[in-house]
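Asker: The numbers in this note's numbering rise by one with no breaks, and the one at position 15 of the sequence shown is 17. Quick one: structure below, then a few questions.
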Amino acid sequence: MRLSRYFLPVLKETPSEAKIVSHRYMLRAGLIKQASAGIYSWLPMGFKILRKLENIVHQEQQRAGHIPMLMPTLQTADLWRESGRYDAYGPEMLRMKDRHDRDMLFSPTAEEMFTDVFRSNVTSYKDLPLTLYQIQWKFRDEIRPRFGVMRGREFFMKDGYNFDLTKEDALHAYNRHLVSYLRTYERMGLQAIPMRADSGPIGGDYTHEFLVLAETGESEVFYDSQITDLTFGDREIDYDDVAQCQAVLEEFTSRYARTDETHVEDEFTAQVPEDRRRVARGIEVGQIFYFGTQYSDKMGAMVTDENGVRVPVHMGSHGIGVSRLLGAIIEASHDDKGIIWPEGVTPFHCGIVNLKPGVAEADEACDALYKSITALGLEPLLDDRKDSAGAKFATMDLIGLPWRITVGPRGLKNGVVEVTCRRTGESEEMTPEMAVEKIARIYGPHVGADLTQPMPQRAFHTWM
Ligand code: 5CA
């Protein structure tokens, strides 16, 4: 993309309504624009990042064997009356009437819809296990929408629902979700710690929230510092392997890590040596849950088992706050100049800054770099506008592309361009060819491909 032809409305001023850094940078970098309280328009670059996050979630869900589909955002109240949640949900649910005076609502979550699809179509244990999911807009009329996309009223969420014959199978689905979430967040450059959370009226120990540590997080968290040493890495997991998933769950959840809702000070001090006790704040980016036969009992989601007996299915639901993740990543990765996108989610893979647009050698060198990087299957953002070098660098720093190639007539006389790492600020001079090779080496692991091979031979990660 050439910046001269893109739509990137960056702001010079810091918007006064934005209280936390991610909200400020999202507005300043032209990612979102507030439409009304807690509701945002996604401007081109914000939308691009949202799509990247969505794509990673789809890939990891499908790697775990979960099946994508899409539910309507507007639902009739009848289904929700069956489960008993229409009245119980309270003012967070946005309710409306259609022209026939029928009660409708904007889905805040979709247990009822998925259970309904299941009960209408599945009758035998032979069709289990089954996990269906969607990535869809949700609406919750939050009393205090704040911090931009962190606590919106309209937000983008992945919600998945597992249907299993037995509690044991459903707990495997729970473990499988935990493992796939660990992978998902790590690919986004995030450390999200599974913490024991409040299971609310449902009871039991089977819920974990995933928290990204950040000073601006809304939840207070208590944990053993050893947890932050754990990484999932690129280990191969067979998601059907019950013991393997169980082992990962134990590895990541056996140490003390709880939100304020479940924290017990005596247990904390008894279980964790003083020098490892941490009290901090965190952003909840996901939650997994096993709730047994609650919905299937109420809504009649039954299958016949091996003995021909009709039994209710065991269910769980699992959510990732996809739009909230943009804010969480920025909270975890920024400096005083702007955002620093992790390579796995960056909207453009590198910036190319033309210091002298209109000067033939500079234009030609930029075009050549642009073509070579595009031919790798990567997307550069070329700043070809007539503007000061300082202004261009400030924009690049603000929007946070991890790598920048700076091209100017002076360097070109010596046959070099400058490659700068956004995170460290370190610059290196090299030939344009070496710059392209460097970018290819950096992104090979992130696009899951050998970038030295011609494009068509590479397996591209798309989720469809
Ligand atoms: N039905 C379950 C699992 S699908 C459920 O709705 N869980 S949830 O309420 O925890 O939502 C899942 C995730 O959505 C949360 O972990 C959080 O990351 C995100 N989320 C929830 N409310 C908001 C909000 N108001 N704004 C942005 N993200 C939100």
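Yeah, the Cβ is synthetic: ideal placement off N, Cα and C, and Gly gets one too. Keep in mind that this is a model prediction, so the values were computed, not measured.
Are there three or more Cβ pairs, one per stretch, closer than 8 Å when the region 161 to 177 is compared with the region 51 to 60?
Answerer: The region 161 to 177 is not in contact with the region 51 to 60.
Asker: Hey, how far is the Cα of Q459 from the Cα of E217?
Answerer: Your numbering for residue 459 matches position 457 in the sequence shown. Your numbering for residue 217 matches position 215 in the sequence shown. With a pLDDT of only 44 at Q459, under 50, the local geometry of the prediction cannot be trusted, and no value is derived from it.
Asker: Identify, in the order they occur along the chain, each residue of the same chain with its Cβ nearer than 6 Å to the Cβ of A112, setting aside the five sequence neighbours on each side.
Answerer: In the sequence shown, the residue the question calls residue 112 occupies position 110. Hits under 6 Å: M73 and D161.
Asker: For Y8, which of helix, strand or coil comes out of DSSP?
Answerer: The residue labelled residue 8 in the question sits at position 6 within the sequence shown. In this structure, Y8 counts as coil in the three-state DSSP scheme.
Asker: Could you tell me which residues DSSP puts in a beta bridge with N164?
Answerer: Looking up residue 164 in the sequence shown gives position 162. According to DSSP, which records beta bridges pairwise, N164 is partnered with T133 and G318.
Asker: Run through the DSSP bridge pairs and tell me what R178 is partnered with.
Answerer: For the purposes of this step, residue 178 is identified with residue 176 of the sequence shown, where counting begins at 1. None; R178 has no bridge partner.
Asker: Taking Cβ to Cβ, would you say S221 is nearer than 8 Å to G284?
Answerer: As a first step, residue 221 is located in the sequence shown; it is residue number 219 there, counting from the start. As a first step, residue 284 is located in the sequence shown; it is residue number 282 there, counting from the start. Yes.
Asker: Could you tell me if R87 is buried or exposed, where buried requires 16 or more neighbouring beta carbons within 10 angstroms of its beta carbon?
Answerer: Locating residue 87 in the sequence shown gives position 85, counting from the first residue. R87 should be labelled buried.
Asker: Thinking C-alpha only, which one of G392, G413 and V347 is nearest C368?
Answerer: Position 366 of the sequence shown holds residue 368. Of G392, G413 and V347, the residue nearest in Cα terms is G413.
Asker: In whole angstroms, give me the CA-to-CA distance for E238 and I290.
Answerer: Start at 1 with the first residue of the sequence shown, and residue 238 comes out as number 236. Start at 1 with the first residue of the sequence shown, and residue 290 comes out as number 288. The straight-line gap from Cα to Cα measures roughly 22 Å.
Asker: Assuming the contact rule is C-beta atoms closer than 8 Å, R26 and P17 should be a hit. Round their C-beta distance to whole Å, please.
Answerer: For the purposes of this step, residue 26 is taken as residue 24 along the sequence shown, with counting starting at 1. For the purposes of this step, residue 17 is taken as residue 15 along the sequence shown, with counting starting at 1. 7 Å between Cβ atoms; contact.
Asker: When the distance is taken between beta carbons, is R260 closer than 8 Å to R198?
Answerer: As a first step, residue 198 is located in the sequence shown; it is residue number 196 there, counting from the start. As a first step, residue 260 is located in the sequence shown; it is residue number 258 there, counting from the start. Contact flag set, yes.
Asker: Which complete beta strand (DSSP E) runs does the region 315 to 359 hold, if anything under 3 residues is left out?
Answerer: If we require 3 residues or more, the beta strand (DSSP E) runs fully inside the region 315 to 359 come out as 316 to 323 and 352 to 356.
Asker: Counting only the same chain and skipping the five closest in sequence on each side, list residues whose C-beta sits under 8 Å from that of Y258.
Answerer: Position 256 of the sequence shown, counting from 1, holds the residue named residue 258. Cβ neighbours of Y258 beyond the five flanking positions: F224, Y225, D226, E269, F270, Q273 and V274.
Asker: Compute the beta-carbon to beta-carbon distance between V438 and L371, rounded to the nearest angstrom, for a pair I have assumed lies under 8 Å.
Answerer: The residue you call residue 438 lines up with position 436 of the sequence shown. The residue you call residue 371 lines up with position 369 of the sequence shown. Right, their Cβ atoms sit about 7 Å apart.
Asker: In chain order, which alpha helix (DSSP H) runs of at least 4 residues are fully inside the region 7 to 91?
Answerer: Qualifying alpha helix (DSSP H) stretches, in chain order: 23 to 30, 46 to 65, 79 to 85 and 87 to 90.
Asker: Less than 6 Å between C-beta atoms, sequence neighbours within five positions excluded: which residues of the same chain meet that for Q63?
Answerer: Stepping through the sequence shown from its first residue, residue 63 is reached at position 61. The answer, listed in chain order, is Y135.
Asker: Just to confirm, are M28 and V151 a CB contact at a threshold of 8 Å?
Answerer: Translated into positions along the sequence shown, residue 28 becomes position 26. Translated into positions along the sequence shown, residue 151 becomes position 149. Going by C-beta atoms, M28 is nearer than 8 Å to V151.
Asker: One question on the structure: do L107 and Q77 come within less than 8 Å of each other, judged by their Cβ atoms?
Answerer: As a working note, residue 107 is residue 105 in the sequence shown. As a working note, residue 77 is residue 75 in the sequence shown. Against a cut-off of 8 Å, the Cβ pair of Q77 and L107 comes out as a contact.
Asker: Return the Cβ separation of Y292 and L173 in integer angstroms, given the expectation that the two are a contact with Cβ distance under 8 Å.
Answerer: The residue you call residue 292 lines up with position 290 of the sequence shown. The residue you call residue 173 lines up with position 171 of the sequence shown. Rounded, the Cβ-Cβ distance is 6 Å, consistent with contact.
Asker: Residue range of the beta strand (DSSP E) that Q289 falls in?
Answerer: Locating residue 289 in the sequence shown gives position 287, where the first residue counts as 1. R279 to G294 is the extent of the beta strand (DSSP E) around Q289.
Asker: Is the beta carbon of G288 within less than 7 Å of some heavy atom of ligand 3?
Answerer: Among the ligands in the structure shown, ligand 3 does not appear; only ligand 1 can be found there.
Asker: What's the gap between the Cα of D243 and the Cα of K128?
Answerer: For the purposes of this step, residue 243 is identified with residue 241 of the sequence shown, where counting begins at 1. For the purposes of this step, residue 128 is identified with residue 126 of the sequence shown, where counting begins at 1. So the alpha carbons of these two residues sit roughly 19 Å apart.
Asker: Closer than 7 Å to a non-hydrogen atom of ligand 1 - does that hold for the CB of R30?
Answerer: The residue given as residue 30 occupies position 28 in the sequence shown. Because no heavy atom of ligand 1 lies under 7 Å away, the Cβ of R30 does not count as near it: no.
Asker: Between which two residues does the alpha helix (DSSP H) harbouring P411 extend?
Answerer: Against the sequence shown, residue 411 aligns to sequence position 409. It spans P411 to K415 - the alpha helix (DSSP H) in which P411 sits, taken as one unbroken run.
Asker: So who's on the other strand from E222, going by DSSP bridges?
Answerer: The sequence position of residue 222 within the sequence shown is 220, counting from 1. According to DSSP, E222 bridges with R283.
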